[in-house]
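One structure below.
2 protein chains.
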Amino acid sequence: MNQKFYSLPEEKQRAILNAGFHVFSQNTYKNSPMREIAETAGISKSLLFHYFHNKKELYLYLWTFCAEITIEEMKKSGCYQQTDLFESMESGKNAKLRLMRMYPDMGTFAVKAFCEEDPEVCREIRGSMDRYIQIHASAKLENLNPDDFIPGIDLKMMYKDMYLASEGYLWEKMKLGNLNIDEMERDFSELLSFWKKIYLKKGKAEYHDD
Amino acid sequence: MNQKFYSLPEEKQRAILNAGFHVFSQNTYKNSPMREIAETAGISKSLLFHYFHNKKELYLYLWTFCAEITIEEMKKSGCYQQTDLFESMESGKNAKLRLMRMYPDMGTFAVKAFCEEDPEVCREIRGSMDRYIQIHASAKLENLNPDDFIPGIDLKMMYKDMYLASEGYLWEKMKLGNLNIDEMERDFSELLSFWKKIYLKKGKAEYHDD
DNA sequence: AATGAGATTGACCGGAACGGTTAACAGGGG
DNA sequence: CCCCTGTTAACCGTTCCGGTCAATCTCATT
Chain A
1 MNQKFYSLPE
11 EKQRAILNAG
21 FHVFSQNTYK
31 NSPMREIAET
41 AGISKSLLFH
51 YFHNKKELYL
61 YLWTFCAEIT
71 IEEMKKSGCY
81 QQTDLFESME
91 SGKNAKLRLM
101 RMYPDMGTFA
111 VKAFCEEDPE
121 VCREIRGSMD
131 RYIQIHASAK
141 LENLNPDDFI
151 PGIDLKMMYK
161 DMYLASEGYL
171 WEKMKLGNLN
181 IDEMERDFSE
191 LLSFWKKIYL
201 KKGKAEYHDD
Chain B
211 MNQKFYSLPE
221 EKQRAILNAG
231 FHVFSQNTYK
241 NSPMREIAET
251 AGISKSLLFH
261 YFHNKKELYL
271 YLWTFCAEIT
281 IEEMKKSGCY
291 QQTDLFESME
301 SGKNAKLRLM
311 RMYPDMGTFA
321 VKAFCEEDPE
331 VCREIRGSMD
341 RYIQIHASAK
351 LENLNPDDFI
361 PGIDLKMMYK
371 DMYLASEGYL
381 WEKMKLGNLN
391 IDEMERDFSE
401 LLSFWKKIYL
411 KKGKAEYHDD
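Protein chains in written order, with our numbering: chain A, 1 to 210; chain B, 211 to 420.
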């Protein structure tokens, strides 16, 4: 790719990346026209080809960019160091929402790229896929103190429930487009405090309930 | 559309519909080539055009087919008459899984069609959209007897949690493709019985636990 | 074996759109 | 005045688009 891309004003860089995320997330690799990406970004096709020499290069750039910024943001959020499960979920979710605010279609793009089967790109995608596998909380779960939670609860199922509901919420909003991040933040906190109230042993629940 | 389509052997009909669902769910309306649909269905492009006179007709047929069969299957499952919330969720989920087994890409297609903005079809889609709005359980919730559940629980939040987790699960599986319906059935029952154990008042929980 | 009706296809149409190139333009600084 | 950088319109050959149609192939009925 052309290094000059980086000297573009940030908002223009973002416009181009987002245009790519958008079109590639809506269509197969092969059926995603460069013209459409350029139009969405508000630049001419020629200029797009000036920064990214061909379609494949743009696609793969988007893929690695997406992997890197996601990992970076997740680390920065500190959700991996957190010991409290709910705190960790909260910071993880905050990171996701922050990413979503900057690059609304990046998540969908990642999922789609993950499943892309076009021989022109799928080898490269699968090759660097390990950079994107989620470090799930399975390890974290073993560090939980069962005494903090209501007696007899299946902690693995509890986490599964919370994880799936979070994903379900994200998906539910995403699929209808036009996402309002602030609203999502509120809804998420509401869910979290609901779970705390349900799952935590009495007396522990109020602990974090600002 | 050509009525002869209906006299095709059922499995061939399904192959064609599924091919349509697949391609249209992966691409925008405009970027979905008829050739690709025909290829996926294992027939020639000419034959596809023999049954559906043009692209728009096929697309809109898929849309109404999807709405009708979904409503039919949901009604048939009896999930709307059920008085027990968990029973109702179970039969609703069974209906969804049955549909998913027959038409794996129909759900994704519906979501995408729902958001389609191409002027060639979006008017018609939005016009008949009311056929597809979910009759949510909000009304049902008011009939619940709070005494059946653990004291002090927010029933609306409880339902939201369960609904979102179900959607999240479906989405989680769908996005990675290659869905194993039997496994999904098992996972779902597991989730349901977990919720029963958590949310139902002690003594009520074992009631339905075959 | 010949016939005729449907099912199914390959070859074809004009024109649009593809990925990609290039020559030219705009405009600000020296 | 010219160079430099960012930007684009116009263009390239090629492929693919939605859609048509005449020619097959299939096969039950004579």
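All C-beta atoms in this analysis are idealised placements derived from N, C-alpha and C, irrespective of residue type, glycine included.
If you're wondering where the values come from, they're calculated on a predicted model, not measured in any experiment.
- Take A/Met158, set aside five residues on each side of it, and the residues of its chain with a beta-carbon closer than 6 Å to its own are Tyr199, in chain order.
- Straight across, the Cα-Cα distance linking A/Gly42 with A/Val23 is about 13 Å.
- In the structure shown, the three-state DSSP call for A/Phe109 is helix.
- By the Cβ criterion, the segment 273 to 285 of chain B is in contact with the segment 313 to 327 of chain B, since at least three pairs of Cβ atoms, one from each stretch, lie closer than 8 Å.
- For A/Cys66, the uninterrupted alpha helix (DSSP H) run begins and ends at Lys55 to Ser77, by DSSP.
- Just so you know, the alpha carbons of B/Leu401 and A/Ser77 end up roughly 30 Å apart.
- The Cβ atoms of B/Ala375 and A/Ala19 lie no closer than 8 Å to each other.
- Burial state of B/Asn212 is exposed, judged by a 10 Å Cβ sphere holding fewer than 16 other Cβ atoms.
- Against chain A, the beta carbon of B/Ser235 has no neighbour under 8 Å; the closest one sits roughly 11 Å away.
- The continuous stretches of alpha helix (DSSP H) do not include B/Gly362, and DSSP gives it neither H nor E.
- Of all C-beta pairs linking the segment 331 to 340 of chain B to the segment 259 to 272 of chain B, three or more are shorter than 8 Å, placing the two stretches in contact.
- At the C-beta level, B/Leu354 and B/Phe275 stay beyond 8 Å of one another.
- At least one beta carbon of chain B lies nearer than 8 Å to the beta carbon of A/Ile198.
- By the rule that beta-carbons nearer than 8 Å mark a contact, A/Met1 does not touch chain B.
- For the segment 132 to 166 of chain A, the residues whose beta carbon sits under 9 Å from a beta carbon of chain B are, in order, Ile150, Gly152, Ile153, Asp154, Met157, Met158, Lys160, Asp161, Met162, Tyr163, Leu164, Ala165 and Ser166.
- Inter-residue distance for B/Glu297 and B/Cys289 is about 8 Å (C-alpha atoms, whole angstroms).
- With a threshold of 8 Å between beta carbons, B/Phe296 makes no contact with chain A.
- DSSP places B/Phe234 in the uninterrupted alpha helix (DSSP H) bounded by Glu220 to Gln236.
- Of all residues in the segment 292 to 316 of chain B, none places a beta-carbon less than 8 Å from a beta-carbon of chain A.
- A/Asn180 has a beta carbon lying at 8 Å or more from every beta carbon in chain B.
- The CB of B/Leu258 never comes closer than 9 Å to any CB in chain A; the least such distance is about 17 Å.
- Around A/Phe49, the same chain offers Met34 as residues with beta carbons nearer than 8 Å, after the five sequence neighbours per side are excluded.
- Chain B has no Cβ within less than 8 Å of the Cβ of A/Asn54.
- Residues of chain B with a Cβ closer than 7 Å to the Cβ of A/Val111 are, in chain order, Lys385.
- The residues Ala41 and Gly42, in chain order, have a CB closer than 7 Å to that of A/Ala15 in the same chain once the five nearest residues on each side in sequence are set aside.
- In the structure shown, B/Leu389 falls within a coil segment according to DSSP collapsed to helix, strand and coil.
- At a cut-off of 8 Å, the C-beta of B/Glu382 has a neighbouring C-beta in chain A.
- Of the residues A/Tyr29, A/Gly177 and A/Glu172, the one whose Cα lies closest to the Cα of A/Asp187 is A/Glu172.
- Under the DSSP assignment, A/Asn94 falls in the alpha helix (DSSP H) whose first and last residues are Leu85 to Met102.
- The shortest C-alpha to C-alpha distance from B/Lys240 to any of B/Lys407, B/Asp371, B/Leu270 and B/Glu330 is the one to B/Glu330.
- In terms of beta-carbon proximity, B/Thr238 lines the interface with chain A, with at least one pair separated by less than 8 Å.
- For B/Leu410, the secondary structure class from DSSP, reduced to helix, strand or coil, is strand.
- Nearest C-alpha to B/Ser403 among B/Glu327, B/Glu300 and B/Gln291: B/Glu300.
- In the structure shown, A/Lys4 adopts helical secondary structure according to DSSP, grouped into three states.
- Not a single CB atom of chain A sits nearer than 8 Å to the CB of B/Cys332.
- Setting aside the 5 residues that flank it on each side, A/Leu179 is surrounded in the same chain by Lys173, each with a C-beta closer than 6 Å to its C-beta; the list follows chain order.
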